[in-house]
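Chemist: Sending over a structure as structure tokens; questions will come in a sec.
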Amino acid sequence: MQSRGEEVLKTAAITKIYPDGTQALRGVDFDLARGEVHGLLGENGAGKTTLSKILSGILRPTSGDVFVNGKKAEVRHPKEALKLGVGMVHQHFTLVRNFTAFENILLGTDVNPKGAGASKARQEILALSKDVGLGVELDAKVEDLALGAQQRVELLKMLYRKVQILILDEPTSSLTAPETVDLFKAVRRLKEEGKSAIFITHKLNEVLEICDRITVLRHGEVSGRIEAANADTKTLARMMVGRDVVFDLVKEPSHAGDPILEVSDLVVRGNRGEDAVKGVSFAVRRGEIFGIAGVEGNGQTELEEALSGVRRPSRGKIKLGGLEISSLSNNEIRKHSVGLIPEDRRQMGLILDMSVAENSILGREWERRFRGQGIALAWAKVKDHASRLIRSFEILVKGPDSPAKSMSGGNQQKVVVSRELTDDPDFVLAAQPTRGLDVAASDYIRRLLLKTRDSGKGVLVISADLDEVLQLSDVIGVMYEGKLLEVGPTEKMTRHKVGMLMGGVKE
Amino acid sequence: MKASIPTGTSGLLSSVAESAFAAGVGFLASGILLAVLGKDPIKAFYYLFEGSFGSANNFTITLAYAAPLILTALTFAVGVRAGLFNIGAEGTLYVGATAAVAAGLIHLPFGIGLLFVLIAAGAAGAAWSIPAYLLKSYRGVNEVISTIMMNNIALFAMQFVVLNYLLDPARSDKSASIPVDSRFPTLLPPNLTVAIFFSALVCFGVYYYLWQTPGGYELRAVGLNPEAAKFSGISPRRPMLYAFLLGGITAGLAGAVEVAGTFTPFAIYTGLSNLVNFGFNGIGVALIGRNHPMAIVLAGIFLGALQAGASSVQIAGISFEIVEVIEGMIVFAIAAPQLYRMFRRRLK
């Protein structure tokens, strides 16, 4: 064990419960030494981001203490964190796009980029940038800079504020390989200067390459801490995904038939214009569940949106039952017997300010069965329909008139799922179908998906929950950085193997 | 279980309580202002009430003010329901009034004449609303900007049309008057015409469309959550078009109500002076009515009462400008909670 510098940051028994009752952190102890890069590894929802937000003053812990340089610190605001020398580089940059890099770095300081002190500040920034090897065109507008350069601006912004402790949240997620190399070089140089960094990631190789120590979070708890020198990808993957299977599902052997969905060489752009899905090909057959595992943010959302017709692919083909649908819009795709369960149920699946009954006909409001004579909607029929769904999908709600926002997450999801499954679609896309749900609701929805598969329909499950993918799928593909790293039958895709693939490691 | 239907009225009772409280705050604040200015607030409020509800005749003046306000409020309310901030009622009302006067140039028998005037005004209003829709839908232009521009264009274009094509041959200060057979029938001379009932009927029609038809359902769905609506297969353009058209029709009809249903001049003054501000005041009415068509009827009568009472407050020795300030304070106090909620949703 190598010797470590003195402790600059420490947390004691940090617990965070969000107002909606989600427990994101359960008594997390964490510490950071001077000149150390400490990796924070974990799946989605493990609590990495929550912890970093607490350290940088964006969130306050429900209980527990933060110590900076040995002193107890009440960090109520990012500005106070900065005063203590703690600064965060966010995963999604917080720069003003139509300001220059220089203006962005000075934003929030006393220095006016056009006034006195500006040239001195410029000298300081250039010196800093040279020190760490982070070259940036200071007078270029941020919107004209590549993502890697934008990140360098963020970093310089923190360094200019004399930050001693850097929190890097998924810093490589939008970088190219050479940019990643440059970033790592810079981090090493900062280390030599005695600065410390917390490196948040889900990428196993990177964490081994750049970190001195690694802490693994799982379900809001520290599931392991190890010196990087003693760690390898296998140990880390095991710590990250754990072993416990909470419950069992009875699963009949599958009787897969013809392909219902065929995707070939699909490329989809993300919101920032980058290729988020980079040439993905696979097929989902009738009577089979195809599971796509992977840490969120590896192109799954864009894939889901392309398959649903709300985002147009820039290349490749999507065939549904033999019909090319890649240029069709959502309402056209919906004419072809599909059930689409979006990953963001509150934003995409439901209209929270409407009642359960109103939500139960969303997108189906013109159908004859919900109409009376003439143009009017027959609310009595709509309510009967909603009441039937409430009964047959065991939705816990006072009645069809209750607003959707008054329900629990699990019951909200049941409303979405019931609407999408009730017309017996030939193909079902379920994105993150149980995210944030309690065990009972998750179990119920998984059983429904299995039932759908057993009735001969094709089901595509996209989920960041490894247990879920392993339990449900007949075939598993792992998505990493926009690509399907490997596709194989579930028997061949062990938990260990999928965990490694999720971290980008191919054996 | 009671087979109730969604009417958008849930929580309306607490809104009434909220509005009553806000109105109290508004009256209190304006009372303080009056006291500071050395005027007697009790006397002022007495005249305000007297002028609007004090006699049958005064109440009909209130209703005459309310009729166009109710319709321009619908323009704004339908927009909000579709997620739009349509403030184009002002200009669209000018266009509707001008079309109504133009249609009145053709003398038609009783009833048919009015129908023709209404169709002309509604159609002109609908047409006037289309540019904002096209700009929003195909070029992403914010409807606030485009409807403000359209308001200005309407102001000068309609003055031009009135001066050059519709002028009364006998008088140079107003357009030709709408012939008696093309006006809203008078029920209680001089001020009470069928117009107020027509406005209420349009409110019911809009309510019916929004809550009892698939198209109205789509409009509300897009307004509440455009992403979910789109993901469920509702194309956002059609509801948006209908919201603009419906807003244009109601504002156009407001113009017709003002020139064919309000006692004198049954025409347009050349500076549009008998038309101005009905569109903008409609926004206040919509906010007071929480953007619900049926509540807007009451809210319209409330603001109509403030306007009708304004002239008699002047009898109490309070200048017209002060009366306007007081009106503004009361409307603002009542509208503030709704404004806050709308902006909070937009900013989220």
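The listed protein sequences derive, respectively, from chains A and B.
Numbering follows my numbering, with no gaps: position 229 of the first sequence is 469.
Numbering follows my numbering, with no gaps: position 202 of the second sequence is 203.
For each residue, glycine too, the CB sits at the ideal point set by N, CA and C.
Against chain A, does G84 of chain B count as a neighbour if the rule is that its beta carbon must be under 8 Å from one of theirs?
Modeler: As a working mapping, residue 84 of chain B is identified with position 83 in the second sequence. No, no contact with chain A.
Chemist: Taking V718 of chain A as the reference, give the member of A:S521, A:L448, A:D498 and A:S566 with the closest Cα.
Modeler: On the first sequence, position 478 is the one that residue 718 of chain A refers to. The shortest Cα separation from V718 of chain A among A:S521, A:L448, A:D498 and A:S566 belongs to A:S521.
Chemist: Exposed or buried, what is L324 of chain A when buried is set at 16 or more other beta-carbons lying within 10 Å of its beta-carbon?
Modeler: The residue you call residue 324 of chain A lines up with position 84 of the first sequence. So L324 of chain A ends up on the buried side.
Chemist: Taking the beta carbon of M241 of chain A as the centre, do at least 16 other beta carbons fall within 10 Å, making it buried, or is it exposed?
Modeler: Working through the first sequence from its first residue, we reach residue 241 of chain A at position 1. Confidence in M241 of chain A is poor, its pLDDT being 42 and thus under 50, which makes the residue's placement unreliable; the coordinate value appears in the next sentence. Result: exposed.
Chemist: Compute the beta-carbon to beta-carbon distance between I254 of chain A and L272 of chain A, rounded to the nearest angstrom, for a pair I have assumed lies under 8 Å.
Modeler: Start at 1 with the first residue of the first sequence, and residue 254 of chain A comes out as number 14. Start at 1 with the first residue of the first sequence, and residue 272 of chain A comes out as number 32. No, I254 of chain A and L272 of chain A are not in contact; Cβ-Cβ is about 14 Å, not under 8 Å.
Chemist: Which of helix, strand or coil does DSSP assign to T99 of chain B?
Modeler: On the second sequence, position 98 is the one that residue 99 of chain B refers to. Residue state, collapsed to three classes: helix.
Chemist: Spatial neighbours of E660 of chain A within its chain, please: CB distance less than 8 Å, with the 5 preceding and 5 following residues excluded, ordered by chain position.
Modeler: Residue numbering aside, residue 660 of chain A sits at position 420 when the first sequence is read from its first letter. Result list for E660 of chain A: G579, L580, I581 and V668, in chain order.
Chemist: Would you report the Cα separation of Y351 of chain B and A268 of chain B, rounded to the nearest angstrom?
Modeler: The displayed coordinates of chain B run from 2 to 349. Any statement about residue 351 of chain B would go beyond what the structure contains.
Chemist: So I565 of chain A is in the alpha helix (DSSP H); what residue range does that whole segment cover?
Modeler: Within the first sequence, numbered from 1, the residue matching residue 565 of chain A stands at position 325. From DSSP, I565 of chain A is part of no alpha helix (DSSP H); its letter is neither H nor E.
Chemist: Run through chain B and tell me which residues come within less than 9 Å of V550 of chain A, C-beta to C-beta.
Modeler: Working through the first sequence from its first residue, we reach residue 550 of chain A at position 310. Those are E228, K231 and F232, listed as they occur along chain B.
Chemist: Considering Cα atoms alone, identify which of A:K746, A:V738 and A:V656 is closest to G482 of chain A.
Modeler: Here residue 482 of chain A corresponds to residue number 242 of the first sequence, with the count starting at 1. Nearest option by C-alpha distance: A:V738.
Chemist: Mind pulling the chain A residues with CB within less than 8 Å of Y134 of chain B?
Modeler: Here residue 134 of chain B corresponds to residue number 133 of the second sequence, with the count starting at 1. What Y134 of chain B touches in chain A: nothing, since even the nearest Cβ is about 20 Å away.
Chemist: Using a Cβ-Cβ cut-off of 8 Å (strictly less than) and excluding sequence neighbours within five positions of I365 of chain A, which residues of its own chain qualify?
Modeler: Numbered from 1 along the first sequence, position 125 holds the residue referred to as residue 365 of chain A. Once the five neighbours on either side are set aside, the close Cβ partners of I365 of chain A are F342, I345, L378, L396 and Y400.
Chemist: I'd like the list of long-range same chain contacts for H108 of chain B, defined as Cβ closer than 6 Å, with 5 residues on each side in sequence excluded.
Modeler: Locating residue 108 of chain B in the second sequence gives position 107, counting from the first residue. Around H108 of chain B: P180.
Chemist: So what does T194 of chain B bridge to, in DSSP terms?
Modeler: Walking along the second sequence from the start, residue 194 of chain B turns up at place 193. Paired residue(s): B:T187.
Chemist: Can you find a CB in chain A that lies within less than 8 Å of the CB of I235 of chain B?
Modeler: For the purposes of this step, residue 235 of chain B is taken as the residue at position 234 of the second sequence. It does: the Cβ of I235 of chain B has a partner Cβ on chain A nearer than 8 Å.
Chemist: Tell me the DSSP bridge mates of V456 of chain A?
Modeler: Along the first sequence, read from residue 1 onward, the residue named residue 456 of chain A stands at position 216. DSSP lists A:L281 and A:G464 as partners of V456 of chain A.
Chemist: In the DSSP assignment, find the alpha helix (DSSP H) that holds P215 of chain B and state where it starts and stops.
Modeler: If you number the second sequence from 1, residue 215 of chain B lands on position 214. P215 to L225 is the span of the alpha helix (DSSP H), which, as asked, contains P215 of chain B.
Chemist: Can you tell me the Cβ-Cβ gap for A704 of chain A and N284 of chain A, rounded? I've got them flagged as a contact below 8 Å.
Modeler: Taking the first residue of the first sequence as 1, we reach residue 704 of chain A at position 464. Taking the first residue of the first sequence as 1, we reach residue 284 of chain A at position 44. Rounded, the Cβ-Cβ distance is 5 Å, consistent with contact.
Chemist: Between V235 of chain B and E219 of chain B, which are expected to be in contact by the criterion C-beta below 8 Å, what is the C-beta distance as a whole number of angstroms?
Modeler: Position 234 of the second sequence, counting from 1, holds the residue named residue 235 of chain B. Position 218 of the second sequence, counting from 1, holds the residue named residue 219 of chain B. Note that residue 235 of chain B is Ile in the sequence shown, not Val. Right, the Cβ-Cβ distance comes to about 5 Å (below 8 Å), so this counts as a contact.
Chemist: Helix or strand or just coil, what does DSSP make of K697 of chain A?
Modeler: Looking up residue 697 of chain A in the first sequence gives position 457. Three-state result, K697 of chain A: coil.
Chemist: If we require 3 or more residues per run, which beta strand (DSSP E) segments fall completely within the segment 67-152 of chain B?
Modeler: Runs of the beta strand (DSSP E) inside the segment 67-152 of chain B: none found.
Chemist: Could you name each continuous alpha helix (DSSP H) segment of 4 residues or more that falls completely within the segment 527-607 of chain A, going from the start of the chain to the end?
Modeler: Runs found: 540-548, 570-573 and 596-600.
Chemist: Could you check where the beta strand (DSSP E) with S642 of chain A kicks off and where it finishes?
Modeler: Here residue 642 of chain A corresponds to residue number 402 of the first sequence, with the count starting at 1. S642 of chain A -> no beta strand (DSSP E), and no H or E assigned at all.
Chemist: Rank A:K431, A:R611 and A:S296 by C-alpha distance to the C-alpha of R244 of chain A and give the top, closest one.
Modeler: Position 4 of the first sequence, counted from the start, is the residue given in the question as residue 244 of chain A. Per the Cα distances, A:K431.
Chemist: Between the C-alpha atoms of A380 of chain A and S436 of chain A, what's the straight-line distance to the nearest angstrom?
Modeler: On the first sequence, position 140 is the one that residue 380 of chain A refers to. On the first sequence, position 196 is the one that residue 436 of chain A refers to. Near 29 Å, if we compare the C-alpha coordinates of S436 of chain A and A380 of chain A.
Chemist: Taking Cβ positions only, does E219 of chain B come closer than 8 Å to chain A?
Modeler: Counting from one through the second sequence, the residue named residue 219 of chain B turns up at place 218. Yes, contact with chain A.
Chemist: Which word fits P301 of chain A, buried or exposed, when buried means at least 16 other C-beta atoms lie within 10 angstroms of its C-beta?
Modeler: Here residue 301 of chain A corresponds to residue number 61 of the first sequence, with the count starting at 1. Answer is buried; the Cβ neighbour count reaches 16.
Chemist: In whole angstroms, give me the CA-to-CA distance for A68 of chain B and V393 of chain A.
Modeler: As a working mapping, residue 68 of chain B is identified with position 67 in the second sequence. As a working mapping, residue 393 of chain A is identified with position 153 in the first sequence. When rounded, the distance between both Cα atoms is 59 Å.
Chemist: According to DSSP, simplified to helix, strand and coil, what is V655 of chain A?
Modeler: Residue 655 of chain A sits at position 415 when you count from the first residue of the first sequence. Helix at V655 of chain A.
Chemist: Kindly indicate if chain A contains any beta-carbon less than 8 Å away from that of L225 of chain B.
Modeler: Your numbering for residue 225 of chain B matches position 224 in the second sequence. By this cut-off, L225 of chain B is an interface position.
Chemist: Within its chain, find whatever has a CB closer than 6 Å to the CB of K293 of chain A; leave out the 5 residues flanking it on each side and keep chain order.
Modeler: Mapped onto the first sequence, residue 293 of chain A falls at position 53. Around K293 of chain A: L299.
Chemist: Out of curiosity, what's the CA-to-CA distance linking E314 of chain A and E433 of chain A?
Modeler: Within the first sequence, numbered from 1, the residue matching residue 314 of chain A stands at position 74. Within the first sequence, numbered from 1, the residue matching residue 433 of chain A stands at position 193. Cα to Cα, E314 of chain A sits roughly 27 Å from E433 of chain A.
Chemist: Just confirm the distance between the C-beta atoms of I302 of chain B and T61 of chain B, as a whole number of angstroms; I'd bet it's less than 8 Å.
Modeler: Residue numbering aside, residue 302 of chain B sits at position 301 when the second sequence is read from its first letter. Residue numbering aside, residue 61 of chain B sits at position 60 when the second sequence is read from its first letter. So it is not a contact: roughly 12 Å between Cβ atoms.
Chemist: Counting C-beta neighbours from all protein chains within 10 Å, is the total for E708 of chain A 16 or more, i.e. buried, or is it exposed?
Modeler: Your numbering for residue 708 of chain A matches position 468 in the first sequence. Buried, since its Cβ has 16 or more Cβ neighbours within 10 Å.
Chemist: Any idea if I685 of chain A is buried or exposed, counting beta-carbon neighbours within 10 angstroms, 16 or more meaning buried?
Modeler: Along the first sequence, read from residue 1 onward, the residue named residue 685 of chain A stands at position 445. Flag for I685 of chain A reads buried.
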